[in-house]
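Comments concern the structure below.
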Amino acid sequence: MSFGKNIWMAVGLTAALAISACSPSTPDDPDLKIMHRGNSAEPLSLDPHLASGTWENNIIGDMFIGLFTENAAGQPIPGMAKTWTTSEDGLTWEFELIDATWSDGVPVKASDFVFGLRRILNPETQAQYASLVYPIKNALAVNSGEMPGSDLGVTALGEKKLRIELEYPAPYLTGLLTHYTTYAVPEHVVKEFGNKWIQPENIQVNGPYKLDVWRTNDFVRVVRNPLFYDNENVCLDEIYFYAITDNNTAERQVREGRLDANNDFPGRKMDFLNEELPGYVRVHPYLGTTYFSFNTTKPPFDNTKVRVALSMALDRDHITKSVIKSGYIPAYSFVPPGIGNYPDGAISSWASLSFDERKAKAKELLIEAGYGPENPLQFEYTHRSTGDNPAAAPSVQSDWNSIAPWVNVTIAQIETQILYADLRSGDFSVSDGGWVADFNDASNFLYLMETKAGAMNYSKYSNPEYDALMDAANREMDMVKRANMMMQAEQMMLDEAPIVPMWYLVNRALVNPKVTGWVDNIVALHRSRYLCFVE
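Our numbering puts the first residue of the sequence shown at 490, with every later residue one more than the last.
Spelled out as structure tokens, the structure:
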């Protein structure tokens, strides 16, 4: 999913009072256990079919449970699914649902899943993330308006029995079914309130927490749902999520005890924070990649030589080790190391060259593409306003401008949500961005470069051979052959350079040692239902 952060705006008096009470309980409610979490960005939506960011997932995953969900370690476990069977060809899955209700007491039914999946794929919903569920039979045709929703391969076989038919075998399906795009939504509520169903006064959920207050650019508060099927094992009564995009502000609030946890901190302060806040610093591997996208639909980035040259000319090692200093790993492929079902990844063909050799070759390629003193290369690089991105941007600009005197690159900082909107609409030249795995499989990265990925394919890269390889990989039951096909596709894409992989992410968090149940994991999901406080 898109990985970014939004602008921090001054909180109002109410939020200030709330955040100052960051402790397991408040004076007014001494028996309540309340957690205050920094959450990077302001949600654009908490509707599972309209969200697209990690910061939204953090809240949505506290309110809704899919057929599968995550345990404290971020691994898929059964959620609404009680039992399931899979056909021999891997194309048909049938699920028996547990007895569960929405927060208004109405039973969760198989038809809610059918309704939800048809809704996200309905072209009128305009779900930016609909392509994630394209493995379902006829999903692409439904989403493009070529087929009605009734033709989607999802059927209620009874109130508690659901069938999902696939276009191709998906060994990662249980992981995909933990993702909010696949969640059921309460059909009876959505039909009554339309798009306003997600507002606090209307929403009904099947997860551990229910939306209580949402003050835009301030905070989101969720409260315990007593009808949650596993409520007896939930500890916290309320959670406040704050959209604090400035890492320094969040770090200060953790040190002051105003936040119990924040999902990031300034990487350059790691040593200081380890000394200042013993036991707070959490750093671990993460399935995420920061990468730049070229807009291949317009010059000069419709030229492969230009794209390859600019990718070669970036000193990833210097940026990660000397500028950002955040523990990130220089990236020469799109798929991060350690991802499931992908033992040997692809790599940029020039990665073994020294940086000086790469810069010299980059200049040659730009000259071959027709650029020089008489035809200078000029463009704007845009970057997110949050995290480590502003720190890295001047180095990116310097690397490109130092290729030759006739290369002139300007930089512009853009608020994160606006930047991602520009990426989806194609209103950019070169821009940074990031992707964090929705499930642990290489296909979740590589599908972004498929033509059918639509708005999520920021560079608008389109190669029929790449698409055919990915389609064949999706249909391959042999996991070794499948991995080889995906590796060929990634190598092809890297050689054409519609994107520039820059660094593999690590997850950084500051967590008060009094918080229990926070398990470092590769997908960096920490559902509030598993968290508590030391007595």
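Every residue, glycine too, gets a C-beta built ideally from N, C-alpha and C.
Note that this is a predicted model, so its numbers are computed, not measured.
Residue burial classification, residue i (beta-carbon count within 10 angstroms, cutoff 16)
| i | result |
| --- | --- |
| Phe761 | exposed |
| Ala972 | buried |
| Val631 | buried |
| Val969 | exposed |
| Thr779 | buried |
| Lys699 | buried |
| Thr809 | buried |
| Ser948 | buried |
| Ala957 | exposed |
| Ser838 | exposed |
| Cys511 | Bear in mind that the predicted position of Cys511 carries a pLDDT of just 40, short of 50, making it unreliable; the figure below should be weighed with that in mind. Looking at its Cβ environment, which holds 16 or more other Cβ atoms inside 10 Å, Cys511 is buried. |
| Gln1043 | Residue 1043 cannot be examined here, being either before or after the span of the chain that is shown, 490 to 1024. |
| Ala1040 | The first residue shown for the chain is 490 and the last is 1024, placing residue 1040 beyond what the model contains. |
| Asp578 | exposed |
| Glu893 | Strictly speaking, residue 893 in this sequence is Ala, with Glu absent from that position. With 16 or more Cβ atoms within 10 Å of its Cβ, Ala893 is classed as buried. |
| Ser815 | buried |
| Met966 | exposed |
| Ala901 | exposed |
| Ile508 | Low confidence applies here, because Ile508 scores a pLDDT of 39, under 50, leaving its location unreliable and the question unanswered by this model. |
Alpha-carbon spacing of residue i relative to residue j, whole angstroms
| i | j | result |
| --- | --- | --- |
| Asp1009 | Ala562 | 7 Å |
| Tyr661 | Glu745 | 42 Å |
| Phe844 | Tyr1019 | 46 Å |
| Glu1024 | Asn878 | 39 Å |
| Leu646 | Tyr769 | 49 Å |
| Pro567 | Ser920 | 38 Å |
| Asp551 | Pro537 | 12 Å |
| Ala998 | Ala1013 | 9 Å |
| Ala961 | His872 | 35 Å |
| Leu935 | Met959 | 8 Å |
| Ala880 | Met974 | 37 Å |
| Lys794 | Lys522 | 58 Å |
| Leu539 | Gly642 | 21 Å |
| Ala840 | Gly923 | 21 Å |
| Thr575 | Arg1016 | 28 Å |
| Val597 | Tyr618 | 24 Å |
| Thr515 | Asn547 | For Thr515, the pLDDT reaches just 46, beneath the cut-off of 50, and the residue's location in the model is therefore unreliable, although a value from the coordinates is still provided. Taking the straight line from one Cα to the other gives about 23 Å. |
| Asn684 | Tyr909 | 22 Å |
| Gln977 | Pro658 | 19 Å |
| Asn691 | Asp701 | 10 Å |
| Glu583 | Thr644 | 9 Å |
| Tyr731 | Val772 | 21 Å |
| Gly638 | Gly829 | 32 Å |
| Ser914 | Ala944 | 7 Å |
| Glu853 | Asp806 | 22 Å |
| Glu585 | Phe557 | 12 Å |
| Asn784 | Phe917 | 7 Å |
| Arg757 | Glu765 | 14 Å |
| Glu727 | Glu545 | 17 Å |
| Gly634 | Gly664 | 27 Å |
| Phe790 | Phe868 | 10 Å |
Contact under 9 Å by Cβ, residue i with residue j
| i | j | result |
| --- | --- | --- |
| Thr667 | Val622 | no |
| Lys626 | Glu656 | yes |
| Pro675 | Asp593 | yes |
| Ile609 | Ala616 | yes |
| Asn996 | Tyr669 | no |
| Tyr870 | Phe754 | no |
| Arg710 | Val723 | no |
| Pro565 | Asn963 | no |
| Glu985 | Arg796 | yes |
| Ala739 | Gly555 | no |
| Lys571 | Ile549 | no |
| Thr475 | Val925 | Since the first residue of the chain shown is 490 and the last is 1024, residue 475 is not available in this structure. |
| Ser1026 | Lys941 | In the structure as shown, the chain starts at 490 and stops at 1024, and residue 1026 therefore has no counterpart that could be examined. |
Of the residues the options, the one placed nearest residue i, counting alpha carbons only
| i | options | result |
| --- | --- | --- |
| Pro987 | Asp967, Arg913, Thr786 and Ala880 | Thr786 |
| Thr734 | Asp726, Val711, Ser874 and Ile523 | Ser874 |
| Met938 | Glu846, Gln902, Gln980 and Ile907 | Gln980 |
| Thr705 | Gly915, Leu533 and Gln977 | Leu533 |
| Ile818 | Pro565, Asn695, Gly777 and Leu855 | Gly777 |
| Pro1002 | Asn763, Gly859 and Ala910 | Asn763 |
| Asp911 | Asn946, His773, Trp544 and Ile554 | Asn946 |
| Ala851 | Asn890, Gly816 and Phe717 | Asn890 |
| Thr590 | Gly638, Phe717, Asp578 and Val812 | Phe717 |
| Gln886 | Pro789, Gly876, Asn752 and Ser800 | Ser800 |
| Gly876 | Ile903, Leu651 and Asn792 | Ile903 |
| Leu983 | Asp967, Glu965 and Asn952 | Asn952 |
is_contact[residue i, chain B] using C-beta, thresh 9 Å
| i | result |
| --- | --- |
| Gly834 | The structure shown contains no chain B, having only a single protein chain. |
The ligand COA heavy atom lying under 8 Å from the CB of residue i
| i | result |
| --- | --- |
| Met524 | Of ligands this structure carries none, so the ligand COA is not represented either. |
Sufficient close CB pairs (3 or more, under 8 Å) joining the stretch 747-754 to the stretch 985-992 | no
Answer yes if the stretch 880-898 comes into contact with the stretch 925-944, meaning at least three C-beta pairs across the two stretches below 8 Å, and no otherwise.
-> no
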